[in-house]
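All letters in the sequence shown, in the order written, are residues 168 to 361 by this note's numbering. Quick reminder that beta carbons are idealized off the backbone N, C-alpha and C, glycines included. These notes are about the structure you will find just below.
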Amino acid sequence: STDFLGLQGSIPSENGRLTALKSLLFNDNRIIGSIPTELCGLKSVEKLFLDENNINGEIPACLGDLSNLDALYLHQLSIKGSIPTELCKLEKLEFLDLGLNNKMTGGIPACLGNLKNMKRLALYGTGRTGIIPDEICRMTSLQELSLGKNDLKGPIPSCLGDLKQLRFLAAHTNGLTGSIPPELCKCTDLVALE
(Lines of atoms letter the chains of each structure in order from A and count residues from 1; the text may use other names and numbers.)
(Lines give C-alpha, C1' and ligand atoms only; values in the text may rest on other atoms or scores of the structure.)
Protein backbone atom coordinates (compact mmCIF):
# COMPACT_ATOMS: atom_id res chain seq x y z
CA SER A 1 0.00 0.00 0.00
CA THR A 2 1.14 3.57 -0.68
CA ASP A 3 -0.93 4.95 2.22
CA PHE A 4 2.00 5.83 4.50
CA LEU A 5 0.90 9.40 5.26
CA GLY A 6 2.51 10.58 8.44
CA LEU A 7 5.60 8.36 8.34
CA GLN A 8 8.51 10.26 9.79
CA GLY A 9 12.08 9.62 10.82
CA SER A 10 14.76 8.00 8.71
CA ILE A 11 14.60 4.88 6.56
CA PRO A 12 15.71 1.95 8.73
CA SER A 13 18.78 0.27 7.27
CA GLU A 14 17.22 -3.06 8.30
CA ASN A 15 14.86 -2.72 5.31
CA GLY A 16 17.81 -3.94 3.24
CA ARG A 17 17.27 -7.43 4.67
CA LEU A 18 13.91 -7.78 2.92
CA THR A 19 15.46 -9.58 -0.04
CA ALA A 20 12.13 -10.85 -1.47
CA LEU A 21 10.55 -7.36 -1.44
CA LYS A 22 9.20 -6.31 -4.86
CA SER A 23 8.08 -2.75 -4.03
CA LEU A 24 9.26 -0.20 -1.48
CA LEU A 25 6.87 2.74 -1.57
CA PHE A 26 7.71 5.37 1.05
CA ASN A 27 6.63 8.32 -1.08
CA ASP A 28 4.83 11.43 0.21
CA ASN A 29 5.82 11.34 3.87
CA ARG A 30 8.09 13.20 6.28
CA ILE A 31 11.10 10.91 6.02
CA ILE A 32 14.47 12.53 6.75
CA GLY A 33 18.10 11.51 6.42
CA SER A 34 19.84 9.93 3.48
CA ILE A 35 19.11 6.88 1.34
CA PRO A 36 20.75 4.01 3.23
CA THR A 37 23.15 1.93 1.15
CA GLU A 38 21.61 -1.13 2.80
CA LEU A 39 18.68 -0.72 0.39
CA CYS A 40 21.07 -1.98 -2.27
CA GLY A 41 20.51 -5.43 -0.75
CA LEU A 42 16.92 -5.45 -2.08
CA LYS A 43 17.87 -7.65 -5.02
CA SER A 44 14.24 -8.45 -5.97
CA VAL A 45 12.90 -4.91 -5.76
CA GLU A 46 11.19 -3.64 -8.90
CA LYS A 47 9.77 -0.34 -7.64
CA LEU A 48 11.57 2.07 -5.32
CA PHE A 49 9.54 5.20 -4.55
CA LEU A 50 11.12 7.59 -2.03
CA ASP A 51 9.81 10.80 -3.61
CA GLU A 52 8.25 13.77 -1.80
CA ASN A 53 10.17 13.45 1.45
CA ASN A 54 12.93 15.38 3.24
CA ILE A 55 15.65 12.96 2.14
CA ASN A 56 19.08 14.47 1.48
CA GLY A 57 22.58 13.22 0.71
CA GLU A 58 23.53 11.57 -2.56
CA ILE A 59 22.07 8.78 -4.65
CA PRO A 60 23.95 5.62 -3.63
CA ALA A 61 25.85 4.27 -6.63
CA CYS A 62 25.05 0.73 -5.49
CA LEU A 63 21.40 1.24 -6.56
CA GLY A 64 22.82 0.30 -9.96
CA ASP A 65 23.10 -3.27 -8.64
CA LEU A 66 19.29 -3.61 -8.32
CA SER A 67 19.00 -5.44 -11.63
CA ASN A 68 15.21 -5.98 -11.35
CA LEU A 69 14.42 -2.29 -10.80
CA ASP A 70 11.95 -0.91 -13.34
CA ALA A 71 10.88 2.30 -11.54
CA LEU A 72 13.00 4.67 -9.44
CA TYR A 73 11.26 7.79 -8.14
CA LEU A 74 13.44 10.24 -6.23
CA HIS A 75 11.78 13.54 -7.15
CA GLN A 76 11.02 16.35 -4.71
CA LEU A 77 13.78 15.43 -2.28
CA SER A 78 16.89 17.39 -1.30
CA ILE A 79 19.51 15.11 -2.79
CA LYS A 80 22.75 16.45 -4.19
CA GLY A 81 25.72 15.19 -6.17
CA SER A 82 25.71 13.77 -9.66
CA ILE A 83 23.65 11.04 -11.27
CA PRO A 84 25.67 7.86 -10.63
CA THR A 85 26.69 6.24 -13.90
CA GLU A 86 26.03 2.91 -12.17
CA LEU A 87 22.32 3.56 -12.81
CA CYS A 88 23.12 2.94 -16.49
CA LYS A 89 23.36 -0.79 -15.67
CA LEU A 90 19.63 -0.97 -14.84
CA GLU A 91 18.53 -2.61 -18.09
CA LYS A 92 14.92 -3.11 -16.92
CA LEU A 93 14.48 0.52 -15.83
CA GLU A 94 11.42 2.12 -17.44
CA PHE A 95 10.84 5.12 -15.17
CA LEU A 96 13.52 7.38 -13.70
CA ASP A 97 12.32 10.56 -11.99
CA LEU A 98 14.84 12.75 -10.18
CA GLY A 99 12.96 16.01 -10.76
CA LEU A 100 12.23 19.07 -8.62
CA ASN A 101 13.98 20.37 -5.52
CA ASN A 102 17.05 18.18 -5.90
CA LYS A 103 20.26 20.24 -5.86
CA MET A 104 22.36 18.05 -8.09
CA THR A 105 25.48 18.80 -10.12
CA GLY A 106 26.92 17.64 -13.41
CA GLY A 107 25.51 16.68 -16.74
CA ILE A 108 23.24 14.01 -18.10
CA PRO A 109 25.25 10.78 -18.25
CA ALA A 110 25.44 9.71 -21.89
CA CYS A 111 25.32 6.07 -20.79
CA LEU A 112 21.63 6.51 -19.88
CA GLY A 113 21.08 6.01 -23.60
CA ASN A 114 21.81 2.31 -23.02
CA LEU A 115 18.49 1.96 -21.17
CA LYS A 116 16.38 0.82 -24.10
CA ASN A 117 13.26 0.13 -21.98
CA MET A 118 13.11 3.67 -20.56
CA LYS A 119 9.67 5.21 -21.00
CA ARG A 120 9.99 8.23 -18.70
CA LEU A 121 13.15 10.18 -17.98
CA ALA A 122 12.40 13.15 -15.72
CA LEU A 123 15.32 15.37 -14.78
CA TYR A 124 13.21 18.52 -14.43
CA GLY A 125 14.80 21.20 -12.25
CA THR A 126 17.73 19.08 -11.07
CA GLY A 127 20.60 21.45 -11.88
CA ARG A 128 21.76 19.54 -14.98
CA THR A 129 24.55 21.26 -16.89
CA GLY A 130 26.26 20.54 -20.20
CA ILE A 131 24.45 19.42 -23.32
CA ILE A 132 21.61 17.03 -24.09
CA PRO A 133 23.64 13.99 -25.17
CA ASP A 134 22.79 12.42 -28.53
CA GLU A 135 22.89 9.03 -26.77
CA ILE A 136 19.44 9.83 -25.29
CA CYS A 137 18.14 9.15 -28.81
CA ARG A 138 18.93 5.44 -28.34
CA MET A 139 16.08 5.20 -25.79
CA THR A 140 13.66 3.98 -28.44
CA SER A 141 10.85 3.28 -25.93
CA LEU A 142 10.96 6.83 -24.51
CA GLN A 143 7.55 8.47 -24.18
CA GLU A 144 8.39 11.35 -21.81
CA LEU A 145 11.59 13.39 -21.67
CA SER A 146 11.49 16.16 -19.08
CA LEU A 147 14.62 18.34 -18.98
CA GLY A 148 13.16 21.77 -18.21
CA LYS A 149 14.47 24.24 -15.60
CA ASN A 150 18.13 23.23 -15.78
CA ASP A 151 21.26 24.90 -17.12
CA LEU A 152 21.63 22.86 -20.30
CA LYS A 153 23.42 24.48 -23.24
CA GLY A 154 23.78 23.81 -26.95
CA PRO A 155 21.18 22.65 -29.46
CA ILE A 156 18.25 20.29 -29.12
CA PRO A 157 19.54 17.08 -30.76
CA SER A 158 17.80 16.52 -34.09
CA CYS A 159 17.96 12.75 -33.48
CA LEU A 160 15.13 13.15 -30.93
CA GLY A 161 12.95 12.92 -34.03
CA ASP A 162 13.83 9.22 -34.13
CA LEU A 163 11.95 8.63 -30.86
CA LYS A 164 8.70 7.53 -32.49
CA GLN A 165 6.90 6.90 -29.17
CA LEU A 166 7.74 10.32 -27.69
CA ARG A 167 4.60 12.00 -26.34
CA PHE A 168 6.03 14.71 -24.07
CA LEU A 169 9.18 16.77 -24.48
CA ALA A 170 10.09 19.57 -22.06
CA ALA A 171 13.37 21.45 -22.43
CA HIS A 172 12.24 24.96 -21.43
CA THR A 173 14.08 27.32 -19.07
CA ASN A 174 17.57 26.26 -20.12
CA GLY A 175 20.32 27.97 -22.09
CA LEU A 176 19.63 26.02 -25.28
CA THR A 177 20.57 27.58 -28.60
CA GLY A 178 19.55 27.15 -32.21
CA SER A 179 16.15 26.33 -33.59
CA ILE A 180 13.65 23.58 -32.89
CA PRO A 181 14.79 20.69 -35.11
CA PRO A 182 12.31 19.99 -37.92
CA GLU A 183 13.01 16.29 -37.31
CA LEU A 184 10.69 16.53 -34.29
CA CYS A 185 7.84 16.56 -36.82
CA LYS A 186 8.48 12.82 -37.19
CA CYS A 187 7.27 12.35 -33.58
CA THR A 188 3.64 11.98 -34.58
CA ASP A 189 2.56 10.87 -31.08
CA LEU A 190 3.87 14.11 -29.53
CA VAL A 191 1.10 15.83 -27.54
CA ALA A 192 3.18 18.33 -25.53
CA LEU A 193 6.27 20.29 -26.55
CA GLU A 194 7.62 22.77 -24.00
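Extent of the continuous beta strand (DSSP E) to which residue i belongs
| i | result |
| --- | --- |
| I275 | Careful: I275 lies outside any beta strand (DSSP E) and carries neither H nor E. |
| L288 | R287 to A289 |
| S211 | Premise fails: S211 is in no beta strand (DSSP E) and is neither H nor E. |
| F132 | Residue 132 lies beyond the residue range present for the chain, which begins at 168 and ends at 361; the question has no answer from this structure. |
| L327 | First-last for L327: undefined, no H or E at that position. |
Secondary structure of residue i, DSSP reduced to three states
| i | result |
| --- | --- |
| I199 | strand |
| S245 | strand |
| F171 | Its pLDDT being 45, under 50, F171 is placed unreliably by the model, and nothing is read from it. |
| A338 | coil |
| S180 | helix |
| A228 | helix |
| K270 | strand |
| E350 | helix |
| L239 | strand |
In DSSP terms, what residue i is bridged to
| i | result |
| --- | --- |
| D301 | In DSSP, D301 forms no bridge with anything. |
| T296 | D318 |
| D356 | Paired residue(s): none; D356 is not in a bridge. |
| L191 | L215 |
| I222 | G200 |
| E311 | R287 and F335 |
For residue j and residue i, the rounded distance between their alpha carbons
| i | j | result |
| --- | --- | --- |
| N284 | C304 | 12 Å |
| L217 | D329 | 32 Å |
| S211 | D264 | 20 Å |
| E181 | L343 | 44 Å |
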